[in-house]
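Here the structure is laid out as structure tokens; the discussion comes afterwards.
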Amino acid sequence: MIFRQLFDRASSTFTYIIASEKTKEAIVIDPVFEQIERDSKFITQFGLSVTYIVDTHIHADHITGSYHLQQKVGGKIGVGVKNDFVENNNLFLSDSDILKIGELEMRVFETPGHTSGCITLLVGDKLFTGDLLFVRGSGRTDFQEGSNKEMFRSVREKIFRLSDNIHIYPGHDYNGCFSSSVGEEKEYNPRLNMSHSYEQFENIMNNLHLAYPKKIEINLLANKNCGKLD
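The numbering of the sequence shown is numbering that gives the first Met the number 0, which starts it at 0 and goes up by one.
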């Protein structure tokens, strides 16, 4: 497996490129508009053929690069099935869907919480959690039909039921961390560790008092069109 974790400093967003060593078929997860040239250069240098471009959710803090990256390198754009208001995508992805990338199989999980349409992706021992679960944290739940109950359920009933050895690769990090594992987050995540009740989690989330992302209206408008800028 070819695997690269790439970082956009301005939005603290991770983009992931996963490809088959045998066929060079590839998937790009959560591309950022400002990093299209970086991503397309990597794809060209490694001789990859992009099969899929997937957004784990409709981003509020940056404009996705999905549409414009597709214009450069091809591939089908996929988003979670509950984002049925999105245009310019090719696929709506649901629980247990399988994306084939050469001999690799990537499984889709619907994991609402940060937004109602979030998805998580699993290939081999690598889990891409978007803004559902961070290293020692989680996404927020106070806009885009986010839900404390749904986040708690998604993490406890889907993510934490996977093997402890599964590696977690988040959508963002603000503290210099790149990855974790299911076992680590079950024990050490200050919001969602297994010793916390739902009531404790809810109290934490309801008292975050976070400012809204800058340019949220502009970002959401663009991302409803997979980042296409008119």
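Backbone N, C-alpha and C define an ideal beta-carbon position, used for all residues, glycine too.
### Query
Secondary structure at L161, three-state DSSP: helix, strand or coil?
coil
### Query
At what residue ranges does the stretch 135 to 196 contain a whole run of the alpha helix (DSSP H), taking only runs of 4 or more?
147 to 153, 181 to 187
### Query
Would a C-beta distance cut-off of 9 angstroms place T114 and E144 closer than the cut-off?
yes
### Query
Between the C-alpha atoms of I203 and G116, what's the straight-line distance to the nearest angstrom?
22 angstroms
#### Entry: Contact under 9 angstroms by Cβ, I26 with G74
yes
### Query
Between which two residues does the beta strand (DSSP E) harbouring Q4 extend?
1 to 7
#### Entry: Residue range of the unbroken alpha helix (DSSP H) whose run includes L219
215 to 222
#### Entry: Reduced DSSP secondary structure (H/G/I, E/B, other) of F41
helix
### Within the stretch 91 to 128, ranges of the beta strand (DSSP E) (whole runs, at least 3 residues)
97 to 100, 103 to 109, 118 to 122
### Task
Measure the C-alpha to C-alpha separation of N206 and P212 and round it to an integer number of angstroms.
17 angstroms
### Message
I'd like the span of the beta strand (DSSP E) that includes V80, first residue to last.
### Response
It is not in any beta strand (DSSP E) - V80 carries neither H nor E in the DSSP assignment.
### Message
What does the alpha-carbon distance come out to for the pair I118 and E186?
### Response
23 angstroms
### Query
Applying the criterion that 16 or more other CB atoms from any shown protein chain within 10 Å of the CB defines a buried residue, is M150 buried or exposed?
buried
### Query
Does the separation of the CB atoms of I215 and F133 fall below 9 angstroms?
no
### Query
Alpha carbon to alpha carbon, how far is E102 from V49?
14 angstroms
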